[in-house]
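**Student:** To convert, note that position 119 of the sequence shown is 119 in our numbering; the numbers rise steadily by one, no gaps. Below you'll find the structure I mean.
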Amino acid sequence: MFIGHFGVALAAKPIAPKTSLGTMMLATSLPDLLGFLFLIVGIEHFSIQPGITAANPLNLYDIPLSHSLAMDVVWGALFAGIYYFARRDSRGALVAFMAVISHWLLDFVSHRPDISFAPGVNKYVGLGLYDSIKATLIVEGLVWAIGIVVYVSYTYAEKRAGIYAFWGIVVLLTALWSSGIAGPPPPNAATVEIANVIIFSLVVAWAYWIDGIRAPKEPEVSLERIRF
């Protein structure tokens with residue numbers, strides 16, 4: 001998924017109100033960001049194969065370091081550990097860890113069988129949501145919409161910029177997502193790699209800015225009331 005991951009980050013805000021939206025955006029997209037960096041340096045591999053799925057032309061045949069379940073647990077634990085030692089926020093660290101793991105779960109739903117449980121395990125899984133453009137638009141769009149509703153319901157803009165900044169990123173991400181599904185395949189692998197590193201970095205930085213100009217409407221949600 002693409003915006004589905006960001007939808008999870010938005011929906012996590014009421015659970016970890018002290019944690020910046022930028023941190024949650026980074027957590028949910030961390031495997032993708034690492035994956036594109038690994039692709040750039042050549043330790044993971046993919047190819048552009050139009051038609052391999054209806055909604056995504058990327059053949060992700062070698063991405064175990066960034067996208068296997070075991071490695072996402074490792075990346076999630078490292079990310080949560082760094083966050084905890086920096087912020088001393090155990091709730092935020094736990095939610096950030098789960099946010100990283102959520103990436104594998106959403107990819108399991110959307111990808112064809114091209115993600116594994118661990119590096120070296122030649123068992124590939126994926127439910128293949130991307131095989132249907134209609135189903136992709138409905139399911140991923142719903143995750144995105146739920147995240148937007150939750151975040152808007154929980155926060156308010158402290159200044160007018162908070163309105164423009166938030167809805168600006170919503171429009172941008174929605175446009176990128178829809179054009180990626182409906183548009184032509186990318187011209188080459190380098191374009192995919194570099195463009196996505198820039199996009200994910202921009203989204204995370206933008207989200208940190210948004211978090212500074214929007215504030216929670218409600219008191220903290222108790223983890224005791226939430227079943228994970």
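Note that CB positions come from ideal geometry on N, CA and C, so glycine has one too.
(1) Report back the beta-carbon spacing between G7 and W144 to the nearest angstrom; my notes put them in contact at under 8 Å.
(2) Could you tell me which residues DSSP pairs with D62 in its beta bridges?
(3) Just mark L39 as buried or exposed, buried being the case when its beta carbon has 16 or more other beta carbons within 10 Å.
(4) Do the CB positions of P17 and P216 come within less than 8 Å of each other?
(5) Under the three-state reduction of DSSP, which class applies to S116: helix, strand or coil?
(6) From the DSSP output, in three-state form, read off A157 for me.
(7) I'd like to know if the stretch 50 to 69 and the stretch 102 to 122 are in contact, where contact means that at least 3 CB-CB pairs between them fall below 8 Å.
(8) Could you tell me how far apart the beta carbons of A11 and I146 are, in whole angstroms, since I believe they sit closer than 8 Å?
(9) Short check: CB of L65 to CB of I82, under 8 Å?
(10) Where does R214 sit, in a helix, a strand or coil, going by DSSP?
(11) Using 8 Å for Cβ pairs, my map puts W177 next to F2. What's the rounded Cβ distance?
(12) Give me the Cα-Cα distance between G128 and E158, rounded to the nearest whole angstrom.
(13) Classify W191 as buried or exposed, calling it buried when 16 or more other Cβ atoms lie within 10 Å of its own Cβ.
(14) So Y130 and R112 are in contact, right, with Cβ under 8 Å, and what is the actual spacing, rounded?
(15) So T174 and R214 are supposed to be a Cβ contact under 8 Å. How far apart are they, rounded?
(16) Is V150 helix, strand or coil by DSSP?
(17) Between which residues of its own chain and I63 is the CB-CB distance below 6 Å, once the five residues before and five after are set aside?
**Tutor:** On the basis of the data shown:
(1) 4 Å
(2) H45
(3) buried
(4) yes
(5) strand
(6) strand
(7) yes
(8) 6 Å
(9) no
(10) strand
(11) 5 Å
(12) 41 Å
(13) At residue 191 the sequence reads Thr, which differs from the Trp that was named. T191 is exposed by the Cβ-count criterion.
(14) 6 Å
(15) Between R214 and T174 the Cβ distance is about 19 Å, and since that is not below 8 Å, they are no contact.
(16) helix
(17) G35 and E44
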